[in-house]
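Residue numbers (our numbering): 71 to 531.
Let me begin by presenting the structure, written as structure tokens, before commenting on it.
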Amino acid sequence: MTKSYDIVVIGGGNAALCAAMTAAEAGAKVLILETAPKEYRGGNSRHTRNFRCMHTGPLGPLVDDYSEDEYFADLMKVTGGKTDEHLARLAIRTSEDCLPWMQAHGVRFQPSLSGTLSLARTNAFFMGGGKSLVNAYYRTAQGLGVDVLYEAAVTHLELEADRITRVEYTHAGQNHSMSPKSVIVASGGFQADTDWLTRAWGPAAQNFLIRGTPYNRGVVLADLLEQGVQSVGDADQCHAVAIDGRAPKFDGGIVTRLDCVPFSIVVNKNAERFYDEGEDVWPKRYAIWGRLVAAQPDQVGYVIIDAKSLDLFMPSVFPPLKADTLEELAAQLDLPASALCDTVDQFNAACGDTTNFHPTELDNVATTGITPAKTNWARPISEPPFYGYSLRTGVTFTYLGLKVDENAQCSTQNGPIANLWAAGETMAGSILGQGYLAGFGMTIGTVFGRIAGREAAAYAN
């Protein structure tokens, strides 16, 4: 590299691109260092579908309104209160302005999907999904003069006193070093480093699947934490979803998610139920199931549904196993047949009046006299053929990250680092202490990417 850059952005996903475009529009000369090859650029953003957005009145594809307080209340439900309210409300309030900004930078939206997602009021869906968003942003960034270096793995940021003085990276088999005025870290979590996951979770992590990119290994995060940059979040907290057990180890993406849990019973390898499948509408509670499955023997669960529920959720990428009897289904899933039949019989006996069954909203069609209860959508598993899926814990991103302030700036215990900012998954733990809300990762990345780009450019200029 012979050029001189004002700003180096580490990472190549949504947050990195939002930061790079914002900085370039402010007159800065920007370089993106992306570890992945060009074909796999974009990190986990390639697999996203939507953006959760506050709005007063209809906005773009969004209908009605979604207030700051309702949005924040939804976040509190899934995090159990483990959030930085100031930063969370900043992300929520700013999201309303983000949607037209996204459109102005090449993103196209489509009407929300129907069915169990029920997000027409809260989440704006990308036309063509996350891959189209990433490609649109790269086109826009190129037009703004942003340079991108692929397969450029950052290995070290040299922190001296209150400044990053050097960025070291490898490219084309050689070591390189540069000294930009500002640095933005947007390189995700450490979920693709199985050894790090195992240190945090124990041996159970060896059975986890990684939904996103295999390139998010936390190298820059670990390097900065070792130098005393302040951290936030716990190593064993993450966005973890129960996904199809047949998914690949890495990069299966969002299509491996199963949306059938609300209309099922979920059992462990002993054919025992272990949690309320109907606790809340799926976009609010789907992300708890990764941790629930992780706590079961061998970190595996099994979804059991019958014929009347098959068309109530988004189709799965792999077809479910199918059998005319529960005994046959148990054999296919390698479950104890008698125990599965007993569990289903007990569940069916606990189901009551299903007249008010409504698949897209809380309907209070609940079980009685059984533990755990199913509090909504509780209908007997009784109509053959029967269907089954295996479930595994699919980790999207980890929450241990870089602590930032409202300007996305990083600090040590001695105070702010003058020229270091962070955005996206690598700082999401500043807001997400636990749990997850559908589409909120893209909100955090977009809001704090733009903030980081603005602040880094102001410093560089």
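Here a beta-carbon is modelled for each residue, glycine too, at the ideal position from N, C-alpha and C.
Is E228 helix, strand or coil when you go by DSSP?
Of the three classes helix, strand and coil, the one that applies to E228 here is strand, per DSSP.
According to the neighbour-count rule (16 or more other Cβ atoms, all chains shown, within 10 Å of its Cβ), is M124 buried or exposed?
By the 10 Å Cβ count, M124 comes out buried.
Whole beta strand (DSSP E) runs in the stretch 349 to 407 with 3 or more residues, listed along the chain?
Restricting attention to beta strand (DSSP E) runs no shorter than 3 residues, the stretch 349 to 407 encloses them at 370 to 376, 391 to 393, ordered along the chain.
Beta-carbon gap between P131 and P181 smaller than 8 Å:
Contact check for P131 against P181 passes: the beta carbons are separated by less than 8 Å.
Comparing the CB of G458 with every heavy atom of the ligand PLP, is any distance shorter than 7 Å?
Here there are no bound small molecules, and the ligand PLP is not part of this structure.
Can you look up Y459 in the DSSP assignment and give me helix, strand or coil?
Under the three-state reduction of DSSP output, Y459 falls in the strand class.
Counting pairs of Cβ atoms below 8 Å between the stretch 503 to 518 and the stretch 301 to 312, do you hit three or more?
They touch, by the three-pair rule.
Between R281 and V465, is the Cβ-Cβ spacing less than 8 Å?
Yes, Cβ-Cβ distance for R281 and V465 is below 8 Å.
Can you name the residues that DSSP bridges to E104?
The partner list for E104 (beta bridge, DSSP) reads Y220.
Report, in whole angstroms, the separation of the C-beta atoms of M512 and T118, which I expect to be a contact under 8 Å.
Their Cβ separation, rounded to whole angstroms, is 6 Å, which keeps M512 and T118 in contact under 8 Å.
Quick one: what's got a C-beta closer than 8 Å to C168's C-beta in the same chain, skipping five residues either side?
Contacts found: F121, C123, T513, T516, V517, R520.
Would you kindly report the start and end of the unbroken beta strand (DSSP E) that includes D314?
Membership of D314 in the beta strand (DSSP E) is indicated by the continuous run 308 to 314.
What are the partner residues of N120, as DSSP defines its beta bridges?
For N120, which the question treats as bridged, DSSP gives the partners F195.
Would you report the Cα separation of A478 and W491, rounded to the nearest angstrom?
Separation of A478 and W491 (C-alpha to C-alpha, rounded to the nearest whole angstrom) is 5 Å.
Determine the direct distance from the alpha carbon of D394 to that of Y459, and round the result to whole angstroms.
Going from the Cα of Y459 to the Cα of D394 covers about 15 Å.
Kindly indicate which residue of A93, V290, N193 has the alpha-carbon position closest to the one of T496.
Here the closest residue by C-alpha is V290.
Could you give the DSSP three-state label for N245: helix, strand or coil?
N245: strand per DSSP, three-state reduction.
Please determine, among N340, G113, A90, the residue with the shortest C-alpha to C-alpha distance to K201.
Closest option to K201, Cα to Cα, is G113.
Can you give me the Cβ contacts of E342 inside the same chain, cut-off strictly under 8 Å, excluding the 5 residues immediately before and after it?
Hits under 8 Å: A409, T413.
Applying the criterion that 16 or more other CB atoms from any shown protein chain within 10 Å of the CB defines a buried residue, is L189 buried or exposed?
It counts as buried.
To which residues of the same chain is A346 closer than 8 Å at the C-beta, ignoring the five residues directly before and after it?
A quick correction: the sequence has Asp, not Ala, at residue 346. Counting only Cβ-Cβ distances below 8 Å, and skipping sequence neighbours, we find P442, A443, K444, T445.
Limits of the unbroken alpha helix (DSSP H) element including I514:
Per DSSP, I514 belongs to the alpha helix (DSSP H) from 510 to 530.
Looking at the unbroken alpha helix (DSSP H) that takes in C88, where does it start and where does it end?
Under the DSSP assignment, C88 falls in the alpha helix (DSSP H) whose first and last residues are 84 to 95.
Quick one: what's got a C-beta closer than 6 Å to M172's C-beta in the same chain, skipping five residues either side?
For M172, where only same-chain residues beyond five positions count, there are no Cβ hits under 6 Å.
Closest residue to T240 among A89, T105, C88, T430 (Cα-Cα distance)
With distances taken between Cα atoms, T240 lies closest to T105.
Member of G97, N84, G83 whose CA lies at the smallest distance from the CA of I77
Taking only the C-alpha atoms, the option nearest I77 is G97.
Where L391 and F344 are concerned, what is the direct C-alpha to C-alpha distance, given to the nearest angstrom?
For L391 and F344, the distance between alpha carbons rounds to 21 Å.
Specify, as a first and last residue, the run of the beta strand (DSSP E) that P532 falls within.
As displayed, the chain neither begins before 71 nor continues past 531, which places residue 532 out of reach and without an answer.
Using a threshold of 8 Å, state whether the C-beta atoms of A90 and A211 are closer than that.
Note that the C-beta distance between A90 and A211 is below 8 Å.
List the endpoints of the continuous beta strand (DSSP E) containing V148.
From DSSP, V148 is part of no beta strand (DSSP E) but of the alpha helix (DSSP H) over 138 to 149.
Helix, strand or coil at Q276 [DSSP, three-state]:
Q276 falls in the helix class under three-state DSSP.
Just to confirm, is the Cβ distance from N489 to R233 under 8 Å?
With contacts defined by Cβ atoms closer than 8 Å, N489 and R233 form a contacting pair.
Look up T437 in the DSSP assignment and say whether it is helix, strand or coil.
In this structure, T437 counts as strand in the three-state DSSP scheme.
Work out the CA separation of D293 and L227 for me, nearest whole Å.
Taking the straight line from one Cα to the other gives about 7 Å.
Using the DSSP secondary-structure output, state which residues sit across from G471 in a beta bridge.
According to DSSP, G471 bridges with V302.
For D381 and Q276, what's the separation of their Cα atoms in angstroms?
Looking at the backbone, the Cα of D381 and that of Q276 are separated by about 34 Å.
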